[in-house]
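Below is one structure, written out as structure tokens; the observations come after it.
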Amino acid sequence: MFHLRRLLLCLGVLLVSGTASGMSLADGKFFIHGYSHLSTGKTWENVYLAGNEDVGLQDLGTTLLVRALPAERLVINTQFSFEKAPGQSLEPEVDYAFAEYSFSDAFRLRAGRNQLPLALYSEIYDVGTLRPFNALPQGTYGPTTIGVENYDGLGLTGRINLPGEWMVEYDAYGGFLDLKQPLVQDCDEAEGGVCIIESQLLGGRLALWAPLEGLRFTASGFVSRDPAKAEGSHDVLGVVGAGAEYLGESLWLRAEFFNLFSEQSKARTGYVEAAYFLTPHWQLAGRVEGSRTWASATAVPPELLTYLRHREAAVGVNYWFNPHLVFKVSFHNVIGNRFAMPEATDDLAALLHPEPHTRLLSLGTQFSF
Amino acid sequence: MRTLVLLLLCGFAGLFAGPARGAPSGAYKVVVHPDNPVNELSRARLSQLFFKKSTQWDSGVTAMPVDLNDSSPVRAAFCDEVLKRSLPAVRAFWQQRIFSGRDVPPPELPSDADVLAYVRANPGAVGYVPASTPTPGLKVITLLD
């Protein structure tokens, strides 16, 4: 039954890809767009991304975005996803649903469930046709406190054109978000192996667009606190980071660095990613990434420090049928078990002495319209 | 293993899904509504309007850029010369804006006549058509570099 679903997804990809573009309805007042992804992989040691030693896991999802303009200055955005992470069932989810009122180009007010304007990929988290690898860098976008997709609350955004074709785009926001933290014993809500903690947040991002089309620099961060803690004490957590992105005709370059700090732990993560189109269809890609976490509150035995480390080098080859449909193959060499974990087992010894080296061959296809 | 075979089959079948198009050059002229006081415009300003980095004319009227669809050679030339990006790169830019919930691209109309009708009907509209296309009742503006 599940293979039938995948087959239908593939057929959908091919049917749509020939004329891929969004639908504009009601005289330009209503838009429908969407995207899907399907990936799997083969690992040598451990489980990583959508791969294990048996090629038995899949990461797939499909998303529909609806944008309506009921009045001249009012936009309503909603995005629904059906996602199936490895080892989980297909589940519907509201990625975002917000209304935006534009007072001017420099001042737009958003209310509802918004994408979190934090890192370069945060707002396009699952859009596979906007990135060179099947999966995003795990230290920044994986099951971590940084890799949060959305928040519920109010946001201000706008852009200001500067002399010399420079432009600043800003975001300031506040509300509530679900932080993803490692599972702990007193976790009230767990999802996909991480503990979900409802927190309050305040944050912002500045993006500077250079006169060279496709080049931008970002600085961003947020602070959050867990209001459910004992009265008078709050777990405060902060994230700050910076990034740069160049999306040229043939060359894509991205680099980001984030620093996370809290009373319990701190973490640093960063990556550099490059991709180059040899022809309009063939693209080569490479990425190096590092992530390190330090537990402040508890001493971690040396043999378990590998669970706090992640280093990765990846290379890939992609075939773009057109800008809306791509097939990707990549090889990943990983050191550390922060994200590449041993198979679930009752063998405590295996968990206490994990193999830190993981290799992954990842295969996937993505499309958007 | 079956998943692997399925993915490879998908990839092979996708070879027939239509390759990316090239961008032949062509001459065009930029047209606005006759009530628009603008007579000339810099390339950079026109690019801002088409990328929606600015959404208003200096008069305060909302700018309404309109594109020809991507089968038009004039569209490719306009992208190369005014937006300074190829058509696929412009599409990638709009994918990013769409899926980040920021904006949607200008409407794409199938013919020169549709573009002219759109500009005629909207005081804030700005479009482009082949240089040889008659544009009765519309203002052709000078593009400055």
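These protein sequences, in sequence, are chains Z and U.
Counting from 813, one number per residue, gives the positions in the first sequence under our numbering.
Counting from 35, one number per residue, gives the positions in the second sequence under our numbering.
Note that CB positions come from ideal geometry on N, CA and C, so glycine has one too.
(request) Using a cut-off of 7 Å between C-beta atoms, extract the partners of Thr-1225 (chain Z) located in chain U. (result) This structure cannot settle anything about residue 1225 (chain Z), because the visible part of chain Z is limited to 813 through 1181.
(request) Determine the DSSP secondary structure at Arg-1080 (chain Z), reduced to helix, strand or coil. (result) Numbered from 1 along the first sequence, position 268 holds the residue referred to as residue 1080 (chain Z). Three-state DSSP puts Arg-1080 (chain Z) in a strand.
(message) Against chain U, with Cβ distances strictly below 9 Å, would Leu-1059 (chain Z) count as a contact?
(response) On the first sequence, residue 1059 (chain Z) is found 247 positions in, with the first residue counted as 1. Yes, Leu-1059 (chain Z) counts as interfacial toward chain U.
(message) Taking only three categories from DSSP, how would you classify Arg-925 (chain Z)?
(response) Stepping through the first sequence from its first residue, residue 925 (chain Z) is reached at position 113. Under the three-state reduction of DSSP output, Arg-925 (chain Z) falls in the strand class.
(request) Could you tell me the boundaries of the alpha helix (DSSP H) in which Gly-951 (chain Z) lies? (result) Numbered from 1 along the first sequence, position 139 holds the residue referred to as residue 951 (chain Z). Run containing Gly-951 (chain Z): 950-953, per the alpha helix (DSSP H) assignment.
(message) Once DSSP output is grouped into helix, strand and coil, what is the label at Leu-1163 (chain Z)?
(response) Looking up residue 1163 (chain Z) in the first sequence gives position 351. Leu-1163 (chain Z): helix per DSSP, three-state reduction.
(message) So that I know if they touch, is there some Cβ in chain Z lying closer than 9 Å to that of Arg-119 (chain U)?
(response) Numbered from 1 along the second sequence, position 85 holds the residue referred to as residue 119 (chain U). With 9 Å as the cut-off, Arg-119 (chain U) counts as an interface residue toward chain Z.
(request) Taking Ala-883 (chain Z) as the reference, give the member of Z:Tyr-860, Z:Phe-1069 and Z:Gly-840 with the closest Cα. (result) Here the question's residue 883 (chain Z) lines up with position 71 in the first sequence. When only C-alpha atoms are compared, the closest one is Z:Gly-840.
(request) Write down the C-beta distance between Ser-1180 (chain Z) and Thr-941 (chain Z) rounded to the nearest angstrom, noting that I regard them as a contact closer than 8 Å. (result) Position 368 of the first sequence, counting from 1, holds the residue named residue 1180 (chain Z). Position 129 of the first sequence, counting from 1, holds the residue named residue 941 (chain Z). So it is a contact: roughly 4 Å between Cβ atoms.
(request) Below 7 Å CB to CB, which residues in the same chain sit around Thr-957 (chain Z) once its five sequence neighbours on both sides are set aside? (result) Stepping through the first sequence from its first residue, residue 957 (chain Z) is reached at position 145. Scanning its chain for C-beta atoms nearer than 7 Å, with the 5 sequence neighbours on each side dropped, one finds around Thr-957 (chain Z) the residues Leu-991, Lys-992, Gln-993, Leu-1049, Val-1051 and Leu-1072, in chain order.
(message) With a threshold of 6 Å on Cβ separation, who are the neighbours of Ser-934 (chain Z) within its own chain once the five nearest residues in sequence on each side are excluded?
(response) Within the first sequence, residue 934 (chain Z) is the residue found at index 122, counting from 1. If we look at Ser-934 (chain Z) and ignore the five residues flanking it on each side, its Cβ neighbours are Leu-928.
(request) Tell whether a beta-carbon distance below 9 Å holds between Phe-1034 (chain Z) and Gly-1015 (chain Z). (result) In the first sequence, the residue the question calls residue 1034 (chain Z) occupies position 222. In the first sequence, the residue the question calls residue 1015 (chain Z) occupies position 203. Against a cut-off of 9 Å, the Cβ pair of Gly-1015 (chain Z) and Phe-1034 (chain Z) comes out as a contact.
(request) Could you tell me whether the Cβ of Pro-107 (chain U) comes closer than 9 Å to any Cβ of chain Z? (result) Taking the first residue of the second sequence as 1, we reach residue 107 (chain U) at position 73. The Cβ of Pro-107 (chain U) sits no closer than 9 Å to any Cβ of chain Z.
(request) State the Cα-Cα distance for the pair Ile-1009 (chain Z) and Gln-1076 (chain Z), rounded to the nearest angstrom. (result) As a first step, residue 1009 (chain Z) is located in the first sequence; it is residue number 197 there, counting from the start. As a first step, residue 1076 (chain Z) is located in the first sequence; it is residue number 264 there, counting from the start. Distance from the CA of Ile-1009 (chain Z) to the CA of Gln-1076 (chain Z), rounded to the nearest whole angstrom, comes to 14 Å.
(request) Go to Ser-88 (chain U), then tell me how far its alpha helix (DSSP H) extends in each direction, as first and last residue. (result) One-based indexing of the second sequence puts residue 88 (chain U) at position 54. Taken as a continuous stretch (DSSP letters only), Ser-88 (chain U) belongs to no alpha helix (DSSP H), as it is neither H nor E.
(request) Please decide whether Phe-112 (chain U) counts as near chain Z, where near means a Cβ-Cβ distance under 9 Å. (result) On the second sequence, residue 112 (chain U) is found 78 positions in, with the first residue counted as 1. At a cut-off of 9 Å between beta carbons, Phe-112 (chain U) makes no contact with chain Z.
(request) Determine the contact status of Pro-99 (chain U) and Val-160 (chain U), defining contact as a CB-CB distance below 9 Å. (result) Along the second sequence, one-based indexing puts residue 99 (chain U) at 65. Along the second sequence, one-based indexing puts residue 160 (chain U) at 126. Against a cut-off of 9 Å, the Cβ pair of Val-160 (chain U) and Pro-99 (chain U) comes out as a contact.
(request) Kindly examine the ligand GDP and report whether one of its heavy atoms sits closer than 8 Å to the Cβ of Val-149 (chain U). (result) With respect to the ligand GDP, the structure shown offers nothing to examine, as it has no ligands at all.
(request) Following the continuous beta strand (DSSP E) through Pro-882 (chain Z), name the residue where it begins and the one where it ends. (result) Position 70 of the first sequence, counted from the first residue, corresponds to residue 882 (chain Z). First-last of the beta strand (DSSP E) with Pro-882 (chain Z): 870-883.
(request) Please name the residue in Z:Gly-868, Z:Phe-894, Z:Glu-865 and Z:Val-1084 whose C-alpha comes closest to that of Leu-877 (chain Z). (result) Within the first sequence, numbered from 1, the residue matching residue 877 (chain Z) stands at position 65. Of the listed residues, the one whose Cα sits closest to Leu-877 (chain Z) is Z:Phe-894.
(message) For the region 142-154 of chain U against the region 65-72 of chain U, do three or more pairs of beta-carbon atoms, one drawn from each stretch, fall closer than 8 Å, so that the two count as touching?
(response) yes
(request) Closer than 6 Å by C-beta to Phe-1089 (chain Z): which residues in its own chain qualify, once you throw out the five before and the five after it? Chain order, please. (result) As a first step, residue 1089 (chain Z) is located in the first sequence; it is residue number 277 there, counting from the start. Cβ within range, chain order: Ser-1062 and Gln-1095.
(message) Determine whether the beta carbon atoms of Glu-1124 (chain Z) and Glu-1155 (chain Z) lie at a separation below 9 Å.
(response) Taking the first sequence and counting its residues from 1, one reaches residue 1124 (chain Z) at position 312. Taking the first sequence and counting its residues from 1, one reaches residue 1155 (chain Z) at position 343. Taking 9 Å as the Cβ cut-off, Glu-1124 (chain Z) and Glu-1155 (chain Z) do not qualify as a contacting pair.
(request) Give me the Cα-Cα distance between Leu-989 (chain Z) and Asn-889 (chain Z), rounded to the nearest whole angstrom. (result) To locate residue 989 (chain Z), count along the first sequence from 1; it is residue 177. To locate residue 889 (chain Z), count along the first sequence from 1; it is residue 77. So the two alpha carbons sit approximately 19 Å from each other.
(request) Answer yes or no: does any C-beta atom of chain Z fall closer than 9 Å to that of Gly-135 (chain U)? (result) Locating residue 135 (chain U) in the second sequence gives position 101, where the first residue counts as 1. Yes - at least one Cβ of chain Z is within 9 Å of the one on Gly-135 (chain U).
(request) Would you mind reading off the limits of the beta strand (DSSP E) that contains Asp-1047 (chain Z)? (result) As a position in the first sequence, residue 1047 (chain Z) is number 235, starting the count at 1. Counting along the chain, the beta strand (DSSP E) containing Asp-1047 (chain Z) begins and ends at 1047-1059.
(message) What residue range does the beta strand (DSSP E) around Leu-1013 (chain Z) cover?
(response) Residue mapping note: residue 1013 (chain Z) aligns to position 201 of the first sequence, counting from 1. Counting along the chain, the beta strand (DSSP E) containing Leu-1013 (chain Z) begins and ends at 1006-1021.
(message) If distances are taken between C-alpha atoms only, which option among Z:Gly-987, Z:Asn-926 and Z:Glu-1025 comes closest to Pro-1039 (chain Z)?
(response) As a working mapping, residue 1039 (chain Z) is identified with position 227 in the first sequence. Of Z:Gly-987, Z:Asn-926 and Z:Glu-1025, the residue nearest in Cα terms is Z:Gly-987.
(message) Among the candidates Z:Lys-896, Z:Leu-861 and Z:Tyr-847, whose CA atom is the shortest distance from the CA of Val-1138 (chain Z)?
(response) Within the first sequence, numbered from 1, the residue matching residue 1138 (chain Z) stands at position 326. That would be Z:Tyr-847, whose Cα lies nearest to the Cα of Val-1138 (chain Z).
(message) With distance defined between alpha-carbon atoms, name the residue in Z:Thr-1110, Z:Leu-1163, Z:Glu-1068 and Z:Tyr-860 nearest to Pro-955 (chain Z).
(response) For this step, residue 955 (chain Z) is matched to residue 143 along the first sequence. Measuring from the Cα of Pro-955 (chain Z), the nearest candidate turns out to be Z:Tyr-860.
(request) In angstroms with no decimal places, state the Cα-to-Cα distance between Arg-1145 (chain Z) and Asn-858 (chain Z). (result) Here residue 1145 (chain Z) refers to the residue found at position 333 when the first sequence is read from its first residue. Here residue 858 (chain Z) refers to the residue found at position 46 when the first sequence is read from its first residue. For the record, residue 1145 (chain Z) in the displayed sequence is Asn; it is not Arg. Pairing Asn-1145 (chain Z) with Asn-858 (chain Z), the inter-Cα distance amounts to about 12 Å.
(message) Please state whether the Cβ-Cβ distance between Arg-125 (chain U) and Pro-1135 (chain Z) is less than 9 Å.
(response) Walking along the second sequence from the start, residue 125 (chain U) turns up at place 91. Walking along the first sequence from the start, residue 1135 (chain Z) turns up at place 323. In this structure, Pro-1135 (chain Z) lies closer than 9 Å to Arg-125 (chain U) by Cβ.
(message) For Tyr-963 (chain Z) and Ser-134 (chain U), what's the separation of their Cα atoms in angstroms?
(response) The residue you call residue 963 (chain Z) lines up with position 151 of the first sequence. The residue you call residue 134 (chain U) lines up with position 100 of the second sequence. Between Tyr-963 (chain Z) and Ser-134 (chain U), the C-alpha separation is close to 14 Å.
(request) Quick one: which unbroken beta strand (DSSP E) runs of 3-plus residues sit fully inside the region 1094-1159 of chain Z? Chain order, please. (result) 1094-1107, 1121-1134 and 1137-1147
(message) So if DSSP puts Ala-1067 (chain Z) in a beta bridge, which residue, or which two residues, is it bridged to?
(response) Counted from its first residue, the first sequence places residue 1067 (chain Z) at position 255. Answer is Z:Ala-1056 and Z:Val-1084, bridged to Ala-1067 (chain Z).
(message) Taking DSSP's pairing of strands, which residues face Pro-99 (chain U) in a bridge?
(response) For this step, residue 99 (chain U) is matched to residue 65 along the second sequence. The beta-bridge partner set that DSSP reports for Pro-99 (chain U) consists of U:Val-160.
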